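Asker: The structure is given below, and queries will be raised subsequently.
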Amino acid sequence: MKKWPVGMIGGAPGSFMGDVHRRALALTGQFSLVAGCLSRHAVPALKAGQTLGLAPARTYIDWTQMARAEAARPDGISLAIIVTPNDMHLPVAAAFLEAGIPVLCEKPLALTVEQARHFAERFIAQAQDMIVAYTYSGYAMVREARRLVHDGALGALRNIQVEYLQDWLGNADSDGGWRLDPRTGGAGGCLGDIGTHAFHLAEFVSGLRCEVLSARVSRLVPRHAVPDDAQIQLRFSNNAVGSLWVSQVATGCGNALRLRLFGEKAGLEWNQEQPDSLIISTADGRTTHVARGGSAVQTSSLLPRGHPEGYEEAFARLYADTANLLGGHDAPLLPRLADGMRGQAFIEAALESGARYGAWTLLQA
4 MKKWPVGMIG
14 GAPGSFMGDV
24 HRRALALTGQ
34 FSLVAGCLSR
44 HAVPALKAGQ
54 TLGLAPARTY
64 IDWTQMARAE
74 AARPDGISLA
84 IIVTPNDMHL
94 PVAAAFLEAG
104 IPVLCEKPLA
114 LTVEQARHFA
124 ERFIAQAQDM
134 IVAYTYSGYA
144 MVREARRLVH
154 DGALGALRNI
164 QVEYLQDWLG
174 NADSDGGWRL
184 DPRTGGAGGC
194 LGDIGTHAFH
204 LAEFVSGLRC
214 EVLSARVSRL
224 VPRHAVPDDA
234 QIQLRFSNNA
244 VGSLWVSQVA
254 TGCGNALRLR
264 LFGEKAGLEW
274 NQEQPDSLII
284 STADGRTTHV
294 ARGGSAVQTS
304 SLLPRGHPEG
314 YEEAFARLYA
324 DTANLLGGHD
334 APLLPRLADG
344 MRGQAFIEAA
354 LESGARYGAW
364 TLLQA
C-alpha cells in the first residue's frame, strides 16, 4: 500500500490534538509523517522532531520555509496538516496552497468571516485541496444517519436538535489558554471551538442548510473574555426548525455531543459518547437501536462489528478519505473549504445576533 508523505505544523508531542492526528494517521496505514514545523524555536523544534523520528533537515522553525522546501523536493510532502492555534490557520494554509501542497486544517478557518472570505476568493481554484477537520463527520454511525435521512427513512425533516456540552472551562482554576484569548482563538469562544462542530454535524446529516438564526450568546464565567455558552434557534432551507446549544461550562458534561432529527415518519438520535449506535423511533411507538456492523455501514468502518469505534477512528476515516482524494479518487463526504466557510458564517451570524439581543440574522456563506 502506498504511504503518502505528510508534514505537520503545530501539534508538538504531548499536545492533545497533535497526538490525536498522529494516532489517526497511524490507524489508516496510508501515511508517513516525514516533516514538521513543531515550534518556532530551534531547540524545541529539533527536540520534537527527534521524538517523532523526523530528519533534522526536515524539521523546520518557519512554515513558509517548510512549504517552499517541501515543494522543491522530489520526495516532498503530499499533505500539510495544520494543528496550530486558530489565528495561524489561514497564513499557514496559504503558504502551502501557494506551494501546490494540499492542506488538512483544524477548524475554524479563521478569526473572522472577512478573513475567511478573502482566503476563499484567493484560493477558489484549490478549494477541493483545502480539507477542514470536522471530525464528527467521520463517525461510521453519523454517516449511516446521513444515509438514512437521504434515503427517506425519516420522511421530510421537521425539527433538528443538536447540543455540544463540556464543563472544562467552568472551574475557577480552569485555564483555556489561547482558546480564551480573542487574539489567538477568535471572538467566538465556544462557538468557534466546538459550536462549529455541532453546526456542521446538523447540516451534514440533515442535508439541509441553515438560513437564519437567533442567538443568545453568554459569558457565564465573568472572567472569560469570549463566550462560553450559546443557545441558538435555527431555521433551515425546507422550513424545518431547530436549536443548537453549545457550552463549555455545563457542569458534569465531558464531551456530550448529541444530535436528534425528527421527520414526518420517524425520529433519529446519535450520541457521541455512545457512538456505535443510532436510536430510531417511529410514530407507532417502536424504538429500534441500530448497531454498527451492517453492510451499509461497512464502508465507513475501520474495525469489525463488536469492536467499538470512537474519536480517533473518526479522525482516521477522514484521513482515509484524504488518501482517496490524493490518489485521484472521489471523497464526497470529506469536509472542504466550503464547509469551513459555512462554519465561519455560523460563528459570525451567532455573534451578530447575540449582540442584537437575539435578532434573527441571515447566515451568508
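In my numbering, the protein residues as written are 4 to 368.
Here a beta-carbon is modelled for each residue, glycine too, at the ideal position from N, C-alpha and C.
Given the structure is predicted, the values throughout are model-derived calculations rather than measurements.
Go to Ala232, then tell me how far its beta strand (DSSP E) extends in each direction, as first and last residue.
Answerer: The amino acid at residue 232 is misidentified as Ala; the sequence shows Asp. Residues 232 to 239.
Asker: How about Val224 and Leu168: are their beta carbons less than 8 Å apart?
Answerer: No, these two residues do not count as a Cβ contact at 8 Å.
Asker: Apart from the five residues on each side of it in sequence, which residues of its chain come closer than 7 Å, Cβ to Cβ, to Lys110?
Answerer: Only Val135, Ala136, Tyr137, Thr199, Gly343, Gly346 meet the Cβ criterion.
Asker: Cβ of Ala60 less than 8 Å from any chain C Cβ?
Answerer: No chain C is part of this structure, which consists of one protein chain only.
Asker: Distance, Cα to Cα, Asp287 vs Glu272?
Answerer: So the alpha carbons of these two residues sit roughly 17 Å apart.
Asker: If you run the structure through DSSP and keep just helix, strand and coil, what is Tyr167?
Answerer: Strand.
Asker: Are Asp232 and Cys256 close, meaning C-beta to C-beta below 8 Å?
Answerer: Result no, Cβ atoms of Asp232 and Cys256 do not sit closer than 8 Å.
Asker: Tell me the start and end of each unbroken alpha helix (DSSP H) in the stretch 55 to 93 that is at least 4 residues and wholly inside, in chain order.
Answerer: Listed in chain order, they are 66 to 75.
Asker: Could you give the distance in angstroms between the alpha-carbon of Thr54 and the alpha-carbon of Glu166?
Answerer: If you take the alpha carbons of Thr54 and Glu166, they lie about 38 Å apart.
Asker: Pull up the distance between the alpha-carbon of Arg186 and that of Pro8, whole angstroms please.
Answerer: Those two C-alpha atoms are separated by around 33 Å.
Asker: What are the partner residues of Glu351, as DSSP defines its beta bridges?
Answerer: Glu351 is not bridged to any residue.
Asker: Determine which residues share a DSSP beta bridge with Arg219 and list them.
Answerer: Note: Arg219 sits in a beta bridge opposite Gln234.
Asker: Could you pull out every residue in the same chain whose Cβ sits closer than 6 Å to the Cβ of Ala368, ignoring the five residues on either side in sequence?
Answerer: Excluding residues within five positions, the ones whose Cβ falls inside 6 Å are Met344, Arg345, Ala348.
Asker: Report the three-state DSSP secondary structure of Val106 (helix, strand or coil).
Answerer: It is a strand residue.
Asker: Apart from the five residues just before and just after Glu214, which ones in its own chain have a Cβ nearer than 8 Å to its Cβ?
Answerer: Answer for Glu214: Arg238, Phe239, Ser240, Leu365, Leu366, listed in chain order.
Asker: Taking buried to mean at least 16 other C-beta atoms within 10 Å of its own C-beta, is Thr285 buried or exposed?
Answerer: Exposed.
Asker: Measuring CA to CA, which of Trp248, Arg212, Gly21 is closest to Val220?
Answerer: Among Trp248, Arg212, Gly21, the Cα nearest to that of Val220 belongs to Trp248.
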